[in-house]
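Sequence lines, in order, name chains C, B and V. The first sequence runs 1 to 250 under the working numbering. The second sequence runs 1001 to 1249 under the working numbering. The third sequence runs 2001 to 2211 under the working numbering.
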Amino acid sequence: MKENFILTLENLSFSYPDKSDVLKEVCFRISSSEHVGLVGPNGSGKTTLFLLLCGILTPQSGRITAMGKRVAAGRFNPNIAYLFQSPEDQLFSTTLFDDVTFGPLNMALPQEEVELRAARSLEQVGCSSLSERAPHHLSGGEKRLAAFATVLSMMPDIILLDEPTSNLDSLNRRNVINIIRQMKQTLMICSHDLEFLLETCQRVILIDRGRIIREGPIVELLSDERLMKSHNLEKPHSLTPHNRLSHDHR
Amino acid sequence: MELDQYARLRSPIHTWDARWKLIAIVPLIFVCAAVKHAPGLLCAALVSSTMVIISGLPIRHVLKILKGPFYFIIIMTPVLMLTSGGERLISWKVVSVYRSGLYIAARLAIKALSIMLLFICLFGTARFQESMKAMEFFKLPPILLSLLFFTYRYIFLYLEEFGKLLTAARLRGYTLLRGLKGLKSTVSILVTLLIRSYEQSERVYAAMRLRGYTGAFPTLCHFKTQASDVLKTSLLLSLSVLIVYMDVL
Amino acid sequence: MHISDGVLDIKIIAGGFTAAAGLTALALKKVKSDDIPRLAVMGAFFFVSSLIHFKVGITSIHLTFIGLMGIILGIPSILAILTGLFFQAVMFQHGGISTLGVNTVIFGLPALLVYGAFLPLAKRWKGRPFCLSLAGGILAGLTILTAAGLILVIIRFSGDEFTGIAFVFSAAHGILALVEGVITFFILRRLLKIKPEMLYAYKAGTLESSG
């Protein structure tokens, strides 16, 4: 039974030196190829959870298991990737090509394989023509897609996405949605853009003050107006019978 | 600002393998810095300007880059003429104008401009990252190289951010550092940005670690030596020797 | 505030590169690969900050942040200074490429001295942020004077012809030292209040995040 889950969290707790109980006894399981949303108000511990999952932070207690192996903090683990909230943090090379090859080269892959992966991941996000550009010559939307490519070139099995639609115009937001919907990898997406989550995820986890409040099928959970309101969230408009519709009928 | 704007042109200098270009031009820069006498100086000026002409870089681009050293020389010349000592041209009370000052200024101008021209040939005819990768071949410590790469990237980010900030400050009708109040707001802006850059560096480090960073900047290299590269380099190296010879003669 | 191409004798240039190589080797010994992102990002930040020109009376000056870099980045600050000077020459044609070694020494040495002086003070005056910031400010002002002094000495050794000019330029550094000192003092006061771990702790700390 346990083998079906690609990512398991058991009793995960974490505190910063100056802030205690950022996460408390967090448990959940995610199946392979599942797309799971993570919602919660500002400061609820979503980013911290992601930093723990990818091994940047070390939990004080609890256990993270990915693909049957315990995640060790500080170790290079190309199977789990993290897309940062700001692409500026993720694009640190002088050209997009150097950025996309950075991960694969550190994985000690042969040169042809590195080039193949770079080309494929750039194509996947539609940035093939930007390969020789410097990051400061990319637009905000291009930067986001480029950052996505740097992660995809490592061909991870699990990808954590932190606010992938922030600061995007509607066209680029649509691009991101389309890319995500085609992805076969296991995804965890943290976002305040609930409409976006509705389009990309099957399941959602609601987290507040470091604890998991509820998890379940996305439409069901996000439709619960009282639950949403009590955690500073708003029920997505697309889940309410539309006022606008009756307007049009008149 | 971006020296490698015209790196995509095709000229004998552009097609020159970046590693061989480095071997040829760096010694020549030092030769230009070393020459002392008229014949050597003239040769240095001749060689460096010929190089720029061959490179086919737009004159306007080159002049824009030379503006900095040029202003420096304009400021230096009168000061040198007043302070250098030696044979007096004009004398008035305690102030004297010296002939040797003019000569020193001319020498300074030729040296500075020749070095700058060569520098443009070196870094202006190849993509910046290509020049950096070429340095990798000369056993520069990998830590220093990765520092150069990453710094270059974030300089542009902060140039953009500071540009926005200064515009915002100007829009609110406030000039930097006027009076104690100006000083205080300048400091608080600087501190905010300083902390932000510190926190960003932590995130960048995390992003690098997640992609397997261990200290070096791994790059794919496609350098390939051709006969013409060796030829160009040996030609330029012999010119360097010739300039030194002319100078000591 | 640095020596340009064409001014120095080749012997001094060679000496400068040798000394700079020594300083760089020392910094490379102290630096860990973990420090590189911080050095790069903050080095870029200081580089860009030093481009801002402030109006002071009829002239405008720009700060160097050498003292602050020494205090925040420690011994590896030499590497940030070296790369900063390199990019200044490449991108803005300030300073020079043949004088890169000499200029690295002119700024790197004072940064090291500030770090060396600040470290014991920081230990002794842990509970007294005002005294510590004041000391930092004074040290930062002194870095400018030290750098100006070094420039003077180097130019004097390079030949007689530029001595006069060097004196004229050094005199202008008094005001810069004052402004740099005052601003560093204020910055340190704020930093010690909000984020003291940024100073003299240049090892990778825990990642800050807003969650």
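Note that beta-carbon positions come from the ideal geometry of N, C-alpha and C, so glycine has one too.
Residue environment, residue i, which counts as buried when at least 16 other CB atoms sit within 10 Å
i        : result
D98(C)   : buried
K1184(B) : exposed
R284(C)  : Residue numbering for chain C in the displayed model covers 1 to 250; residue 284(C) lies beyond these limits and cannot be assessed.
K1067(B) : exposed
T1192(B) : exposed
R117(C)  : buried
H1014(B) : buried
K1064(B) : exposed
H237(C)  : exposed
H35(C)   : buried
H2094(V) : buried
D2160(V) : exposed
Y2115(V) : buried
F2107(V) : buried
R1060(B) : exposed
I1074(B) : exposed
For residue i, three-class secondary structure by DSSP
i        : result
V987(B)  : Residue numbering for chain B in the displayed model covers 1001 to 1249; residue 987(B) lies beyond these limits and cannot be assessed.
D21(C)   : strand
L2008(V) : coil
M1076(B) : helix
W1092(B) : strand
H35(C)   : strand
Y1006(B) : helix
Y1154(B) : helix
C1032(B) : helix
S1238(B) : helix
N11(C)   : strand
V26(C)   : strand
S61(C)   : strand
H2173(V) : helix
P241(C)  : coil
H249(C)  : Caution applies to H249(C), whose pLDDT of 49 falls short of 50 and renders its modelled position unreliable; the value that the coordinates give is listed next. Reduced to three states, the DSSP call for H249(C) is helix.
Y1213(B) : coil
E1202(B) : helix
D99(C)   : helix
I212(C)  : strand
F2087(V) : helix
I2003(V) : coil
K69(C)   : strand
C-alpha distance - residue i paired with residue j, whole-angstrom precision
i        : j        : result
L52(C)   : I2144(V) : 44 Å
G2022(V) : L2079(V) : 12 Å
L23(C)   : F14(C)   : 5 Å
F2118(V) : A2044(V) : 23 Å
T95(C)   : I2052(V) : 27 Å
T48(C)   : F84(C)   : 12 Å
F1128(B) : T1233(B) : 20 Å
F213(C)  : I205(C)  : Per the sequence shown, residue 213(C) should be read as Ile rather than Phe. Going by the C-alpha atoms only, they are around 8 Å apart.
D193(C)  : K2126(V) : 45 Å
G1056(B) : A1044(B) : 19 Å
I2138(V) : F2185(V) : 8 Å
E113(C)  : G1124(B) : 32 Å
F1138(B) : T2146(V) : 33 Å
S1049(B) : L2150(V) : 33 Å
P1078(B) : S1084(B) : 10 Å
Q2088(V) : L1122(B) : 16 Å
R173(C)  : L1194(B) : 31 Å
CB contact check: residue i to chain V, cutoff 9 Å
i        : result
L1080(B) : yes
R1019(B) : no
E1130(B) : no
C1032(B) : yes
K1139(B) : no
Neighbour flag for residue i against chain B, beta carbons, 9 Å
i        : result
S2049(V) : yes
G55(C)   : yes
G103(C)  : yes
P217(C)  : no
G2024(V) : Looking at the sequence shown, residue 2024(V) is not Gly but Thr. Answer yes: the Cβ-Cβ gap between T2024(V) and chain B drops below 9 Å somewhere.
R2124(V) : no
F2186(V) : yes
Q. At which residue ranges does the segment 115 to 200 of chain C contain complete beta strand (DSSP E) runs of 3 or more residues, listed in the order of the chain?
A. 158 to 162 and 186 to 190
**Q.** Unbroken stretches of the alpha helix (DSSP H), 4 residues or longer, contained in the segment 2092 to 2147 of chain V
**A.** 2100 to 2124
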